[in-house]
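The structure under discussion appears below in the form of structure tokens.
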Amino acid sequence: MTLMKKTAAELQALLHNREVSVKEVTEDSFKQIAKLDGQVKAFLALTEEEALAKAEALDNSSQDSRGPLFGLPIGIKDNIVTKGTATTCASKMLENFVPVYDATAVEKVNEAGMVSVGKLNMDEFAMGSTTERSAFQTTHNPWNLDCVPGGSSGGSAAAVAAGEVPFSLGTDTGGSVRQPAAFCGVVGMKPTYGRVSRSGLVAFASSLDQIGPITRTVEDNALLLNAISGIDHRDSSSSPQQVPDFKSALTGDIKGLRIAVPKEYLGEGITEDVKDKVRASLKVLESLGASIEEVTLPHSKYASPTYYAIATAEASSNLARFDGIRYGYRSENAGNLEEVYTRSRAEGFGTEVKKRILYGTYALSADHHEELYVKAMKVRTLIAQDFASVFENHDVIVGPTSATTAYEIGGVAQNQLTLYANDILTVSVNLAGIPAISIPCGFSNGLPVGLQIIGKHFDEALIYRVAHAFEQATDFHKSTPSLGEGTN
Amino acid sequence: MTKFTTEDVHYFANFAKIAFSDQEAEVFSEIISELVEFGDALKEVDTDNIEPMTHPLQMFNVLREDVPQDVLDRDEMLASVKEHEDGMIKVPNIL
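Protein chains in written order, with my numbering: chain L, -6 to 481; chain X, 552 to 646.
This is the structure we're talking about:
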């Protein structure tokens, strides 16, 4: 059996007792990728040579120099820059772009002793929720290869679910860690805005973007978030808030905890099978001693249009840097400087990206700025206030992560407004800047359902405590897709 | 009902510096019209006396000492540039 379905603690025990070497763990990851990724298509690039060299160096390192995640393999979403390894954002625009520095989160996973095995597929520039918008390949859901893995961090979630790597980094601007984690039956955390440095994350919407860990278990997720969190002089929006030891929050005790369930999250548009699993999960939490109370987040229905106005406005500005001059794609068909810009961008960006840039440009234009962009920022205030008032009397908010289970590839997801409406459960969290996790809470027709736990600013520790207590009381995290090795 | 015309596509594409053919403009006019209508839902929200939320965290004047740090290597950076000469990036004639 592969080592890639073991937890960090199990792998580290094997490493500590010298039952396996870091090199063997790393090789096992590449073996799994070689066996499975022809079907899953999670990886855009592999860094086997560098990874094995690092693994050997780690094997020869002294005990006292070993980081907290020593010897563990990780995959990195391809919008997080990696020095010397192409970082494409799954876009033709950056197909040949090789960064000259590491993102802070990448530096931190390296310092923690992890071994990066490659770069993971995504929707182009993280714009999408199916990974079908990648310019290079569509990633398949390991639970059902005919279905999408979700997105935009679809590669990151599918690689962990398939057992290619036990850890990955994703990014979440409107649900892009949590929704694919839900679709693939793994654990995905969107930390508080500012918890993790955005330095080296290719910006999509700067007031919403966060890097987050995707893992098989809650404990592993807490360990990885500990490794990547903290203030960074390269990101002035990173927070000076102290980073607690998230692992010590995993007490299993949630007695007396006050859980809020927004009625909007179990209402219209959420499929019955998802509602059933979430209601059953609430019973589990109740049986563990938590109290459940229905609440309202009255501005939820405006979250998606608010999000699309703000996210596209910020994207239209952020993506202005891709001009064909300094790096990235440059059109061969440009006769003058203006055409270098307009044709490089026309040929380098995909449809979804152009659409969002156009709408964002419209939202920021003199004639529409007030009625759309500023209006959306005001509604954002109301959405944040909704959460704040619920948190006055409750500790966490619980609901589904996604309105449905994974869609069929090329199916319903082709309708943009259906997709955008499905984002209602995740985008408001980014708008408010608060943290939320998705954990497995059941299956419907063989596809995983995700439970979302939302907390106050910088209260990831409590989210992990609830998630871990639920995980320990259930067996959903123990199921893995049978892909490639029969049942296990 | 088209709210975002093909002329609008060309008008905003000019700011966004993206070339669109007339045929593409037709397609994007429909797509963006749907989005404009989607965004219209915000008009029904009462936002009188509500301040716009410009940032998810309240942070002010993040300062640091004015000393050079994280200096990147010029040759490494130029490696990703399509055309360059003597450390300068080449573009088509602009005059």
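Just so you know, even glycine gets a beta-carbon here, dropped at the ideal spot from N, CA and C.
Can you find the residues in the same chain that come closer than 7 Å, C-beta to C-beta, to residue i, ignoring five residues on each side of it along the sequence?
i, result
"residue 458/L", "242, 243, 244 and 247"
"residue 167/L", "201, 300, 304, 416, 419, 420 and 423"
"residue 379/L", "290, 291 and 292"
"residue 315/L", "86, 321, 338 and 341"
"residue 101/L", "220 and 221"
"residue 577/X", "557"
"residue 111/L", "36, 38, 39, 40 and 68"
"residue 571/X", "560, 561, 564 and 579"
"residue 117/L", "82, 83, 84, 126, 127, 128, 343, 345 and 346"
"residue 447/L", "389, 390, 422, 427 and 429"
"residue 104/L", "60"
"residue 34/L", "114, 130, 131, 132 and 133"
"residue 258/L", "392, 393 and 418"
"residue 365/L", "302 and 356"
Excluding the 5 residues flanking residue i on each side, which residues of the same chain have their C-beta closer than 8 Å to its C-beta?
i, result
"residue 254/L", "275, 285, 286, 287, 288, 390, 391 and 392"
"residue 281/L", "247, 248, 462, 463 and 466"
"residue 91/L", "77, 78, 79 and 80"
"residue 239/L", "215, 216, 218, 219, 453, 454 and 457"
"residue 439/L", "136 and 137"
"residue 573/X", "557"
Sort out for me which residues DSSP pairs residue i with in a bridge.
i, result
"residue 183/L", "429/L"
"residue 134/L", "137/L"
"residue 483/L", "Only positions -6 to 481 of chain L appear in the structure, and residue 483/L is not among them; the question remains open."
"residue 446/L", "391/L and 430/L"
"residue 108/L", "66/L"
"residue 225/L", "228/L"
"residue 38/L", "112/L"
"residue 160/L", "67/L and 208/L"
"residue 639/X", "636/X"
"residue 441/L", "436/L"
"residue 165/L", "203/L"
"residue 189/L", "222/L"
"residue 354/L", "Looking at the DSSP assignment, residue 354/L forms no beta bridge with any residue, so it has no partner."
"residue 629/X", "Bridge partners of residue 629/X: none, in fact."
"residue 569/X", "None; residue 569/X has no bridge partner."
"residue 401/L", "140/L"
"residue 73/L", "194/L"
"residue 78/L", "75/L"
Assuming residue i contacts residue j (C-beta within less than 8 Å), just tell me the rounded distance between them.
i, j, result
"residue 123/L", "residue 143/L", "7 Å"
"residue 14/L", "residue 96/L", "Not a contact, Cβ separation roughly 28 Å."
"residue 333/L", "residue 643/X", "6 Å"
"residue 234/L", "residue 451/L", "5 Å"
"residue 470/L", "residue 433/L", "5 Å"
"residue 212/L", "residue 0/L", "7 Å"
"residue 177/L", "residue 154/L", "4 Å"
Note down, in chain order, each residue of its chain lying with its Cβ closer than 6 Å to the Cβ of residue i, except the 5 sequence neighbours on either side.
i, result
"residue 431/L", "171, 174, 175, 181, 394, 443 and 445"
"residue 261/L", "none"
"residue 336/L", "324, 326 and 327"
"residue 437/L", "266 and 398"
"residue 145/L", "115, 116, 119, 121 and 169"
"residue 480/L", "Below a pLDDT of 50, predicted positions are generally treated as unreliable, and residue 480/L, at 40, falls in that range; no measurement from the model is reported."
"residue 375/L", "292"
"residue 567/X", "none"
"residue 23/L", "41"
"residue 74/L", "80, 92, 96 and 193"
Would you say the segment 204 to 224 of chain L touches the segment 181 to 189 of chain L, given that touching needs at least three Cβ pairs under 8 Å?
yes
Is it true that the segment 230 to 239 of chain L meets the segment 263 to 272 of chain L, where meeting means three or more beta-carbon pairs spaced less than 8 Å apart?
no
Measuring CB atoms only, is the segment 80 to 87 of chain L touching the segment 333 to 351 of chain L, in the sense that at least three cross pairs come out at less than 8 Å?
yes
Indicate whether the contact test is met: 3 or more Cβ pairs, each with one atom in the segment 114 to 134 of chain L and one in the segment 356 to 366 of chain L, closer than 8 Å.
no
Count Cβ pairs between the segment 54 to 64 of chain L and the segment 209 to 219 of chain L that sit closer than 8 Å; are there 3 or more?
yes
Counting pairs of beta carbons, one from the segment 39 to 55 of chain L and one from the segment 11 to 30 of chain L, are three or more of them closer than 8 Å?
yes
Which runs of the alpha helix (DSSP H) at least 4 residues long sit entirely within the segment 255 to 286 of chain L? Give them in chain order.
265 to 280
What are the uninterrupted segments assigned as alpha helix (DSSP H) that are 4 or more residues long and contained completely in the segment 286 to 334 of chain L, given in chain order?
296 to 311
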